[in-house]
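K.L.:
Protein chains in written order, with our numbering: chain Z, 9 to 139; chain P, -7 to 157.
1) Assuming residue 148 (chain P) and residue 81 (chain P) make a contact with CB atoms under 8 Å, what is their CB distance in whole Å?
2) Answer with yes or no whether the minimum CB distance from residue 138 (chain Z) to chain P is below 7 Å.
3) Is residue 38 (chain P) closer than 7 Å to residue 87 (chain Z) when the C-beta atoms are compared?
4) Thinking just about the alpha-carbon of each residue, which of P:27, P:44, P:-6, P:33 is nearest to the one in residue 167 (chain P)?
5) What is the DSSP secondary structure of residue 136 (chain Z), counted as helix, strand or coil?
6) So is residue 16 (chain P) buried or exposed if we call it buried at 16+ other beta carbons inside 10 Å?
7) Can you give the Cα-Cα distance for residue 20 (chain P) and residue 10 (chain P), rounded to whole angstroms?
8) Any idea what DSSP makes of residue 7 (chain P), helix, strand or coil?
9) Output needed for residue 111 (chain P): all residues of its chain with C-beta closer than 6 Å, excluding positions within five of it in sequence on either side, in chain order.
10) At least one CB of chain P closer than 7 Å to the CB of residue 88 (chain Z): is that the case?
11) With DSSP collapsed to three states, give me the class of residue 95 (chain Z).
12) Bridge partners of residue 29 (chain Z), per DSSP?
13) By a C-beta neighbour count over all protein chains shown, 10 Å radius and 16 as the cutoff for buried, is residue 70 (chain P) buried or exposed?
14) Helix, strand or coil, according to DSSP, for residue 45 (chain Z) in the structure here?
15) Does the segment 23 to 32 of chain P come within contact of the segment 51 to 64 of chain P, defined as at least 3 CB pairs closer than 8 Å?
16) Residue 12 (chain P): beta carbon under 6 Å from a heavy atom of the ligand GDP?
17) Could you tell me which residues DSSP pairs with residue 95 (chain P) in its beta bridges?
18) Can you pull the chain P residues whose beta carbon is under 9 Å from the beta carbon of residue 22 (chain Z), in chain order?
19) For the structure I just gave you, are there three or more beta carbon pairs, one from the segment 118 to 131 of chain Z and one from the segment 28 to 40 of chain Z, closer than 8 Å?
20) Look at residue 130 (chain P) and residue 68 (chain P) and say whether their C-beta atoms are less than 7 Å apart.
21) Say whether the segment 70 to 79 of chain P touches the segment 100 to 108 of chain Z, bearing in mind that this needs 3 or more beta-carbon pairs closer than 8 Å, one atom from each stretch.
22) Can you pull the chain Z neighbours of residue 100 (chain P), defined as C-beta to C-beta under 8 Å?
23) Residue 96 (chain P) and residue 134 (chain P) - do their beta-carbons sit closer together than 7 Å?
24) Counting only C-beta atoms, is residue 88 (chain P) closer than 7 Å to chain Z at any point?
Here it is as structure tokens:
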């Protein structure tokens, strides 16, 4: 029996954001950032962006991290992952959720997604209260 | 309230429209005018998922022509979008958009397209549509975001012209 394919992450975002986020993960987590593939919407129409995203996702389980749900990246991700149970879209990507993602790739896909969404939400905070 | 923005943008609903223009114009409704989209329930569902909470209507060009006065006189501020110039031209036919301004927001590169602006790539057919819009009394210009430079139609038609055209 063949080994199950590992979970991969694709970050699709505006301008240079996706590449910058992968590099930020690499700075903190080293080669674990290889599990993330950056994709920019720069200069791409909707059809091209969907094609590039499909190519980046491949055949295994994948989490597509999107910066802005109501943007072209969000629309492309929703289109590509529609009716595909092993493709999950997570909107509002941030660095803490990506770091948690690359350290827990061994989890089942649904558990992993629930975890990174929780970590991403929990990281948004105002540590010093208003005075 | 009037229709506060007529825009041609192949992405229809996306960040520049919802956030960029939406922040300035405060629309209460987006009308997406596209024949294919008006017949595609699953694609409409995608747009509703992507822009959850926005009031959206999906109509064909013919329905838009029938309902444009309704939107112009409704209390909601409306942004009307088409995916391509051909649909806007058909909407404008017979002077329906005379005196209105049409904003060109984004048509990306593709086969037989030449670059006019970094976010605008047109075919010969698009150029015909642009001229036809002007003949219908529509003021056409390109501007991807509210604070970006506005480029008038004459400049657009000059840009990207090839000797063979």
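Backbone N, C-alpha and C fix where the C-beta goes; we use that ideal spot for every residue, glycine too.
P.N.:
Per the coordinate set shown:
1) Along the second chain, one-based indexing puts residue 148 (chain P) at 156. Along the second chain, one-based indexing puts residue 81 (chain P) at 89. Actually they do not touch by this definition, with Cβ atoms about 15 Å apart.
2) Start at 1 with the first residue of the first chain, and residue 138 (chain Z) comes out as number 130. No, residue 138 (chain Z) lies away from the interface with chain P (no Cβ there is under 7 Å from its Cβ).
3) As a first step, residue 87 (chain Z) must be located in the first chain, where it is residue number 79. As a first step, residue 38 (chain P) must be located in the second chain, where it is residue number 46. Cβ atoms of residue 87 (chain Z) and residue 38 (chain P): closer than 7 Å.
4) Residue 167 (chain P) lies beyond the stretch modelled for chain P, which goes from -7 to 157, so this question has no answer here.
5) Position 128 of the first chain, counted from the start, is the residue given in the question as residue 136 (chain Z). If DSSP states are grouped into helix, strand and coil, residue 136 (chain Z) belongs with coil.
6) Position 24 of the second chain, counted from the start, is the residue given in the question as residue 16 (chain P). Per the 10 Å Cβ criterion, exposed.
7) Against the second chain, residue 20 (chain P) aligns to sequence position 28. Against the second chain, residue 10 (chain P) aligns to sequence position 18. Distance between the alpha carbons of residue 20 (chain P) and residue 10 (chain P) is about 11 Å.
8) On the second chain, residue 7 (chain P) is found 15 positions in, with the first residue counted as 1. In the three-state reduction of the DSSP assignment, residue 7 (chain P) falls in the helix class.
9) Counted from its first residue, the second chain places residue 111 (chain P) at position 119. Result list for residue 111 (chain P): 98, 136, in chain order.
10) As a position in the first chain, residue 88 (chain Z) is number 80, starting the count at 1. No, residue 88 (chain Z) does not count as interfacial toward chain P.
11) For the purposes of this step, residue 95 (chain Z) is identified with residue 87 of the first chain, where counting begins at 1. Of the three classes helix, strand and coil, the one that applies to residue 95 (chain Z) here is strand, per DSSP.
12) Residue mapping note: residue 29 (chain Z) aligns to position 21 of the first chain, counting from 1. Answer is none; residue 29 (chain Z) lacks a bridge partner.
13) Here residue 70 (chain P) corresponds to residue number 78 of the second chain, with the count starting at 1. Residue 70 (chain P) comes out buried.
14) Numbered from 1 along the first chain, position 37 holds the residue referred to as residue 45 (chain Z). Here residue 45 (chain Z) sits in strand by DSSP.
15) yes
16) No copy of the ligand GDP appears in this structure; indeed no ligand is present at all.
17) Locating residue 95 (chain P) in the second chain gives position 103, where the first residue counts as 1. In DSSP, residue 95 (chain P) forms a bridge with P:-1, P:133.
18) Within the first chain, numbered from 1, the residue matching residue 22 (chain Z) stands at position 14. Per Cβ cutoff of 9 Å: 7.
19) no
20) Along the second chain, one-based indexing puts residue 130 (chain P) at 138. Along the second chain, one-based indexing puts residue 68 (chain P) at 76. Not closer than 7 Å, so no.
21) no
22) Taking the second chain and counting its residues from 1, one reaches residue 100 (chain P) at position 108. Result: 51, 52, 53, 56.
23) What you label residue 134 (chain P) is simply residue 142 of the second chain in a count that begins at 1. What you label residue 96 (chain P) is simply residue 104 of the second chain in a count that begins at 1. Judged by beta-carbon spacing, residue 96 (chain P) lies within the 7 Å limit of residue 134 (chain P), meaning their Cβ atoms are closer than that value.
24) Sequence index remark: in the second chain, residue 88 (chain P) carries index 96 (1-based). No, residue 88 (chain P) does not count as interfacial toward chain Z.
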